[in-house]
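The next block holds one structure in the form of structure tokens; read it before the comments.
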Amino acid sequence: MELIKTINDMKVLSKAYSIEEETIGYVPTMGALHEGHLSLVDIAKKYSDKVILSIFVNPIQFSPKEDFKKYPRTLEGDLELSKIRGVDVVFYPSVDEMYPEGFKTDVQLKGISSKLCGKFRPNHFNGVTTVVLKLFNIINPKIAIFGEKDFQQLVITRKLVQDLNLDVEIVAAPIVRDSDGLAMSSRNIYLAPEERKSALSIFKSLKEAQDLVRNGLIDSSTILKRVRCIIENEPICNVQYASICSNETLDEIYTVNGSCRLAVAVLCGKTRLIDNIQLDPNEKTDR
Ligand code: AMP
54 MELIKTINDM
64 KVLSKAYSIE
74 EETIGYVPTM
84 GALHEGHLSL
94 VDIAKKYSDK
104 VILSIFVNPI
114 QFSPKEDFKK
124 YPRTLEGDLE
134 LSKIRGVDVV
144 FYPSVDEMYP
154 EGFKTDVQLK
164 GISSKLCGKF
174 RPNHFNGVTT
184 VVLKLFNIIN
194 PKIAIFGEKD
204 FQQLVITRKL
214 VQDLNLDVEI
224 VAAPIVRDSD
234 GLAMSSRNIY
244 LAPEERKSAL
254 SIFKSLKEAQ
264 DLVRNGLIDS
274 STILKRVRCI
284 IENEPICNVQ
294 YASICSNETL
304 DEIYTVNGSC
314 RLAVAVLCGK
324 TRLIDNIQLD
334 PNEKTDR
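Residue numbers for the sequence shown, in the numbering used here: 54 to 340.
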């Protein structure tokens with residue numbers, strides 16, 4: 054497995070793959086790898102000849118008050134896990150490499166970026182679309198794998214690719230959970246044991262909502278009330294938003310007639326957790 058730190062070296066290798074007609078499957082991450090990230094690697098391996106995984110904690114998607122500085126950085130372990138899982142190249146650029154002095158571009162996707170998480174993290178998705186477009190241009194992948202865990206990010210990336218006619222196919226990967234249901238996240242290490250226990254209410258509420266829909270309840274506001282009630286029954290959990298929305302536009306849906314998403318953000322103590330689940334009155338069992 055190769056470790057590449059400069060944009061130039063990454064471009065040279067990507068060109069070489071292209072000349073050899075070897076397709077690239079790309080997995081963008083911020084590191085502190087866990088089974089959720091590695092499941093994306095498995096998908097990339099299945100559909101491409103070479104797998105490139107990037108590790109970059111992207112400063113421009115954090116607000117000054119957020120956790121950029123304390124975000125977990127575990128390069129040695131990440132390299133080990135990547136190697137074991139069959140990653141061919143880890144791209145690990147520095148902040149200066151990605152944003153040299155004088156960098157001025159801001160890629161903005163209007164509308165979708167200001168919904169859900171965008172309401173609470175105003176410039177977050179501009180940072181995401183800017184770095185994703187840069188990384189796609191550097192790596193030139195045939196496919197890129199994004200987790201449904203960050204559902205809004207997945208939807209935004211799909212739209213970016215469509216709007217800008219990018220030559221990359223976006224593949225969605227299902228959410229990987231711990232055995233107790235908590236969605237895996239690099240930020241879960243911030244949770245004290247009691248907070249982690251309380252955080253289980255999030256998936257519990259999503260599952261209950263899914264069951265309610267399967268049993269014929271289609272009124273979103275009733276479902277959302279139940280979701281909030283289950284989560285906030287845990288004194289340290291505060292719902293930042295709970296939304297039933299379109300899979301494509303993230304527009305609010307008031308009556309659940311077909312497939313849509315229930316998405317939540319929850320403050321569990323000081324840690325912000327996001328999760329989501331598909332709702333579909335016509336689907337009686339899990340996919
Ligand atoms: P991050 O390192 O948090 O930026 O995540 C990198 C990629 O891994 C994103 O596409 C995430 O959606 C995906 N990912 C993170 N956690 C999970 C999970 N529990 N299940 C599936 N994908 C995940």
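Built from N, CA and C at the ideal position, the CB exists for glycine as well.
In the DSSP assignment, A85 falls outside any alpha helix (DSSP H), carrying neither H nor E. By the Cβ neighbour-count rule, R138 is buried, with 16 or more other Cβ atoms within 10 Å of its own. Proximity to V110 across T76, E75, S147 and G78 peaks at S147, based on C-alpha coordinates.
The beta-bridge partner set that DSSP reports for N329 consists of A316.
For T183, the three-state secondary structure derived from DSSP is helix.
Setting aside the 5 residues that flank it on each side, A97 is surrounded in the same chain by G78, V80, V104 and I198, each with a C-beta closer than 6 Å to its C-beta; the list follows chain order. In this structure, I289 sits away from S258, with a CB-CB distance that is not shorter than 7 Å.
Annotation: C313 to L332 spans about 5 Å, alpha carbon to alpha carbon. If you draw a straight line from the Cα of K122 to the Cα of E55, it is about 27 Å long. Residues I57, F144 and I191 of the same chain have their beta carbon placed closer than 6 Å to that of M63, with the five preceding and five following residues left out of the count. Between the alpha carbons of G164 and I297 lies a distance of about 17 Å.
In the DSSP assignment, S107 forms a beta bridge with P81 and F144. Between the beta-carbon of Q293 and that of L315 there is about 14 Å, and that puts the pair past the 8 Å contact cut. For V229, the distance from the CB to the nearest heavy atom of ligand 1 is below 6 Å. Bounds of any alpha helix (DSSP H) do not take in V292; it lies within the beta strand (DSSP E) bounded by C290 to C298. When DSSP reads this structure, L56 sits in a beta bridge with V143.
With fewer than 16 other Cβ atoms inside 10 Å of its own Cβ, N61 counts as exposed.
Per DSSP, I242 is not a residue of any beta strand (DSSP E), being assigned neither H nor E. Under DSSP, C321 takes part in a beta bridge, and its partners are C290 and T324. Annotation: K212 to G180 spans about 15 Å, alpha carbon to alpha carbon. For D203, the shortest separation between its Cβ and any heavy atom of ligand 1 lies below 6 Å. Out of H177, N218 and T127, the CA that lies nearest to the CA of K118 is found in H177.
In the DSSP annotation of this structure, the continuous segment of the beta strand (DSSP E) that includes I223 starts and ends at E222 to A226.
Of the heavy atoms belonging to ligand 1, at least one sits nearer than 6 Å to the Cβ of T82.
By the Cβ-count criterion, I72 is exposed, with fewer than 16 other Cβ atoms from all chains shown falling within 10 Å of its own Cβ.
By the criterion of a C-beta distance shorter than 8 Å, A85 is surrounded in its chain by Y124, P125, R126, T127, D131, S239 and I242, once the five residues flanking it on both sides are discounted. Under the criterion of beta carbons closer than 8 Å, S101 and I196 qualify as touching, at roughly 6 Å. Within the chosen limit of 6 Å, ligand 1 does not reach the beta carbon of F121 with any heavy atom.
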